[in-house]
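Q: Have a look at this one.
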Amino acid sequence: APGVYLAVKVLLQGALLDPLNPTTPLPMMRDSLRTRAQGAGYTGEFLPGASPYGGGEVVSNAATRFSDAGNDSPVDWVRVQLRDAADPTVIISSVAALVQRDGDTMTVSGGAKLRFLGPNPGDYFVAVDHPNHLGAMTAAAVNIVGTEINIDFTDINADFWHIDALYDGAEQVNMGGKFALWAGDSGNRGRMVFGGQDNSVDLIFEAVDQAPDNTLKFPTYILDGYRNEDVDRSGSTIFSGQGNDVDYIMNNIDNHPSNPLRLPTFVMPEQLP
């Protein structure tokens, strides 16, 4: 069939975080959203059956697609983009996909090859993003011809596109010897910042503070559901207390390789053009 085919591997830092031991990455991504979706009867509260990117991709049978499949169980939605080889600010085509615990992406029907219907085979930059993780892109255009092209965003020896040399090697975060997309862009703004104006933490506070059932406005209230403020993809947005989503952002900014002075106001921009 016509179109462009691609197999993509990517990890989400949030799903590799262990709330009980946040400094040691898990060997495999958690599928907390999936297990909670299963427990809730696939209502869409914890893992929506339709793409959160608005592209129209829909899982035909959530009970089947979101069932436990071991390392191939779905963790969350990601979006994969083909970008123009001459001007990578131009998005030629994008596809929403489910990312599995092992990092492999799959189509809404369970296929391993993502299919881009519009474009012809050729050279494209390949980018991947997620609503509350910072996206990443190949350092150069990739010749995508045939159906056997694989892009591994988890390879720490691979080069990725960066805004400038300050971020070279820090486009993603090293999680136990594999690259993962940085977690903490709670506002889907294309950047992460702990302190200062328009920071990523205030959004978590506001979500918890203004939750309809948190009438007493407890900062320790746990807000359940599929939300961008849920940094670690646990299905719960937590501002204060064990497993809170704020500390992850603080740790990422404090330990960022491009922030040697450990400034809390350091802004980590998404490494996409």
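Using the working numbering, read the sequence shown as starting at 53 and increasing by one per residue.
All C-beta atoms in this analysis are idealised placements derived from N, C-alpha and C, irrespective of residue type, glycine included.
Everything numeric in this text was worked out from a predicted model, so none of it was measured.
#1: Is the beta carbon of valine 127 sitting closer than 7 angstroms to the one on arginine 88?
#2: Hey, could you find the ends of the beta strand (DSSP E) asparagine 195 is sitting in?
#3: Enumerated in chain order, which unbroken segments of the alpha helix (DSSP H) with a length of 4 residues or greater are wholly contained in the region 270 to 323?
#4: Excluding the 5 residues flanking valine 62 on each side, which residues of the same chain have their C-beta closer than 7 angstroms to its C-beta?
#5: Of all the options Ile144, Val178 and Asn184, which has the alpha carbon lying nearest to the alpha carbon of alanine 193?
#6: At what residues does the beta strand (DSSP E) containing phenylalanine 177 begin and finish?
#7: If you count every other CB in all the chains shown that lies within 10 Å of the CB of asparagine 251, and 16 or more means buried, which is it?
#8: Does the separation of the CB atoms of glutamate 281 and alanine 259 fall below 7 angstroms?
#9: Under the DSSP definition of a beta bridge, which residues are partnered with lysine 61?
#10: Out of Ser292, Asp175 and Thr199, which one is the CA nearest neighbour of glycine 163?
#11: Would proline 309 be called buried (16 or more neighbouring beta carbons within 10 Å of its own) or exposed?
#12: In whole angstroms, give me the CA-to-CA distance for arginine 135 and glycine 91.
#13: From this set, Tyr219, Asn73, Pro104 and Ile290, which residue's C-alpha is nearest alanine 188's C-alpha?
#14: Looking at leucine 69: is its Cβ nearer than 7 angstroms to the Cβ of aspartate 211?
#15: Using 8 angstroms as the cut-off, can you tell me whether the region 310 to 320 makes contact with the region 261 to 278, which would need three or more C-beta pairs spanning the two stretches below that distance?
#16: Report back the beta-carbon spacing between leucine 58 and leucine 166 to the nearest angstrom; my notes put them in contact at under 8 angstroms.
#17: Only counting the same chain, and skipping five residues up and downstream in sequence, which positions put a Cβ closer than 7 angstroms to that of phenylalanine 98?
#18: Among Pro100, Val147, Ile290 and Gly248, which residue has its Cα nearest to the Cα of phenylalanine 261?
#19: Using DSSP with H/G/I as helix, E/B as strand and the rest coil, what is isoleucine 256?
#20: Less than 6 angstroms between C-beta atoms, sequence neighbours within five positions excluded: which residues of the same chain meet that for glycine 239?
#21: Once the 5 residues before and after glycine 228 are set aside, which same chain residues still bring their CB inside 6 angstroms of it?
#22: Within 10 angstroms of the Cβ of aspartate 216, are there 16 or more other Cβ atoms? Answer buried if so, exposed if not.
#23: Suppose you measure from the CA of aspartate 265 to the CA of leucine 275; what does that come to, to the nearest Å?
#24: Mapping DSSP to helix, strand and coil, what is glycine 247?
#25: Glycine 236 and asparagine 296 - do their beta-carbons sit closer together than 7 angstroms?
A: Based on what the coordinates show:
#1: no
#2: 194 to 196
#3: 298 to 306
#4: Val130, Val151, Gly155, Thr157, Val180, Phe205, Thr206 and Leu233
#5: Val178
#6: 174 to 182
#7: buried
#8: yes
#9: Asp156 and Asp204
#10: Thr199
#11: exposed
#12: 38 angstroms
#13: Tyr219
#14: no
#15: no
#16: 5 angstroms
#17: Leu85, Arg88, Ala89, Ala92, Gly277, Tyr278 and Gly287
#18: Here residue 261 is aspartate; the residue named in the question, phenylalanine, does not match the sequence. Here the closest residue by C-alpha is Ile290.
#19: helix
#20: Leu255
#21: Pro77
#22: exposed
#23: 9 angstroms
#24: coil
#25: no
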